[in-house]
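Written out below as structure tokens is the structure these notes cover.
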Amino acid sequence: MNRPFLVAQISDLHLKAGQRLTYGVVDTLGALRRAVEQLNASHPRPDIVVISGDLVDFGRADEYAVLRPELARLHMPVYLVPGNHDRRGPLLDAFGDHAYLPGSADAPLDWVVDEHPLRLIGLDTTIPGDHGGQLLDSQLQWLDEQLALRPDAPTLLILHHPPFISGIGHMDREPFINAAALERVVARHPQVERLLCGHLHRPMQRRFGGSISCVCPGTSHQIVLDLQDAAPAHFNLEPAGYLLHRWDAQHGLISHNGVFGKYPGPYPFYDAQGLID
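Count along the sequence shown from 1, then add 437; that gives the number in our numbering.
As structure tokens, this is what we get:
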């Protein structure tokens with residue numbers, strides 16, 4: 438590929454069935470439809486979309502039945518990892534034709550895709566029945582082995598739970614289990630360009646194992662930016678967002694924070710006389 442490779446990342450769709458509003462407030466289906474329309478209409482259009490978890494709200498089959506046709510409207514391949522609101526079995530039942538996904542829900546849904554300029558590794562950080570995140574020792578060993586197979590391939594790790602403390606009190610009460618062990622694995626493999634995460638419903642970044650951990654904002658609602666230990670579990674309707682990661686071999690990986698929706702503009706900086714006064 439002689440042009441840059443574009444990866445759009447969306448996260449935390451929290452889709453409901455029956456046109457219900459999430460938390461009684463958020464039209465997550467409408468938000469997803471607007472996101473799909475904007476990604477499809479982008480120039481240049483992203484080459485792929487990755488979704489970093491919480492695809493639906495309660496992990497139910499009827500929710501995934503709503504999600505599947507909405508994602509089928511994307512004009513590019515889409516890759517999924519589960520979040521704490523997802524359930525492995527119903528997810529696989531709905532997306533069993535996604536060949537990169539494992540065939541069984543009896544183990545974490547980890548996967549590798551090698552067909553793009555950036556290598557993709559999906560990691561299932563969910564703990565069934567819980568909200569926190571972890572990677573088992575067996576998953577860390579698998580990841581270490583997979584990264585060792587292609588040390589020269591620039592790689593994205595896609596996982597739902599960010600492996601660090603955010604400072605937002607209520608989100609940090611269930612910290613990532615085995616984060617230090619994951620950081621040691623990442624540090625051994627400098628080809629890891631990014632860890633692409635969700636869960637926190639806000640854009641944020643942190644150095645991690647010599648790489649960068651990027652958190653994607655929510656496709657619909659955002660968690661309130663409250664850096665108090667006692668921060669309550671509140672959300673708001675700030676503009677919905679996504680990340681757009683631009684890769685080329687010469688300049689590396691650049692991660693842009695974008696917003697969904699229509700806003701005034703674009704306006705020119707210059708006219709025929711120069712910079713507009």
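The C-beta atom is built at its ideal place from N, Cα and C for all residues, glycine as well. All figures in this text were calculated on a predicted structure; none of them were measured in a lab.
Task: Burial state of Y501 (16 or more Cβ within 10 Å) - done: The residue you call residue 501 lines up with position 64 of the sequence shown. Y501 should be labelled buried.
Open item on the list: Quick check on R525: buried or exposed, where buried means 16 or more other Cβ atoms within 10 Å of its Cβ?
Closed with: Here residue 525 refers to the residue found at position 88 of the sequence shown. The residue in question, R525, is buried, as its Cβ has 16 or more Cβ neighbours within 10 Å.
Task: G520 to H598 span [Cα, whole Å] - done: Stepping through the sequence shown from its first residue, residue 520 is reached at position 83. Stepping through the sequence shown from its first residue, residue 598 is reached at position 161. Whole-angstrom Cα-Cα distance: 7 Å.
TODO: Please go through the segment 510 to 535 and give each complete alpha helix (DSSP H) segment of 4 or more residues, from N-terminal end onward.
DONE: Runs of the alpha helix (DSSP H) lying entirely within the segment 510 to 535 and spanning at least 4 residues, in chain order: 525 to 531.
Task: Per-residue burial, Y707 [other beta carbons within 10 Å of its own, 16 or more giving buried] - done: Locating residue 707 in the sequence shown gives position 270, where the first residue counts as 1. Its Cβ having fewer than 16 others within 10 Å, Y707 is exposed.
Task: Validate contact between the segment 638 to 656 and the segment 577 to 585 using beta carbons, cut 8 Å, 3 pairs - done: Cβ pair count under 8 Å is below three, so no.
Task: Proximity below 8 Å, CB of L594 to CB of L633 - done: To locate residue 594, count along the sequence shown from 1; it is residue 157. To locate residue 633, count along the sequence shown from 1; it is residue 196. Against a cut-off of 8 Å, the Cβ pair of L633 and L594 comes out as a contact.
TODO: Out of L662, V623 and A670, point me to the one whose CA is closest to R639's CA.
DONE: Counted from its first residue, the sequence shown places residue 639 at position 202. Of the candidates L662, V623 and A670, the one whose C-alpha sits nearest the C-alpha of R639 is L662.
- [ ] Tell me whether Q417 is buried or exposed, calling it buried when 16 or more other Cβ atoms sit within 10 Å of its Cβ.
- [x] A question about residue 417 goes unanswered here, because the residues of the chain that appear run from 438 up to 714.
Open item on the list: Judging by CA-CA distance, which residue of G606, L681, K699 and V652 is the nearest neighbour of S692?
Closed with: Walking along the sequence shown from the start, residue 692 turns up at place 255. Taking only the C-alpha atoms, the option nearest S692 is L681.
- [ ] Determine which residues share a DSSP beta bridge with M608 and list them.
- [x] Here residue 608 refers to the residue found at position 171 when the sequence shown is read from its first residue. For M608, which the question treats as bridged, DSSP gives no partner whatsoever.
TODO: Can you have a look at G655 and say buried or exposed, based on whether 16 or more other CB atoms are within 10 angstroms of its CB?
DONE: Counted from its first residue, the sequence shown places residue 655 at position 218. G655 should be labelled buried.
Open item on the list: Between the segment 529 to 541 and the segment 567 to 576, can you find at least three pairs of beta-carbon atoms closer than 8 Å?
Closed with: no
Task: Selection from R440, L712 and A454 that minimises the alpha carbon distance to G496 - done: Within the sequence shown, the letter at position 59 stands for residue 496. Of the listed residues, the one whose Cα sits closest to G496 is A454.
- [ ] Would you grab the beta carbon distance between A472 and A677 for me? Rounded to a whole angstrom, and I think it's under 8 Å.
- [x] Taking the first residue of the sequence shown as position 1, residue 472 is located at position 35. Taking the first residue of the sequence shown as position 1, residue 677 is located at position 240. A472 to A677, Cβ: 7 Å. Contact.
Open item on the list: With three or more beta-carbon pairs closer than 8 Å as the criterion, would you say the segment 560 to 572 touches the segment 609 to 628?
Closed with: yes
- [ ] Following the continuous beta strand (DSSP E) through A445, name the residue where it begins and the one where it ends.
- [x] In the sequence shown, residue 445 corresponds to position 8, counting from 1. Segment F442 to I447, the beta strand (DSSP E) holding A445.
Task: Euclidean distance between Cα positions of A709 and E552 - done: Against the sequence shown, residue 709 aligns to sequence position 272. Against the sequence shown, residue 552 aligns to sequence position 115. Whole-angstrom Cα-Cα distance: 47 Å.
TODO: Could you tell me the distance, in whole angstroms, from the CA atom of R440 to the CA atom of G689?
DONE: Taking the first residue of the sequence shown as position 1, residue 440 is located at position 3. Taking the first residue of the sequence shown as position 1, residue 689 is located at position 252. In a straight line, the C-alpha of R440 is about 13 Å away from that of G689.
Task: Contact under 8 Å by Cβ, I485 with C653 - done: Numbered from 1 along the sequence shown, position 48 holds the residue referred to as residue 485. Numbered from 1 along the sequence shown, position 216 holds the residue referred to as residue 653. No. Outside cutoff.
TODO: Give every residue of the same chain whose Cβ lies closer than 6 Å to the Cβ of S657, excluding the five residues on either side of it in the sequence, and list them in chain order.
DONE: Your numbering for residue 657 matches position 220 in the sequence shown. Answer for S657: V463, T465, A468 and A677, listed in chain order.
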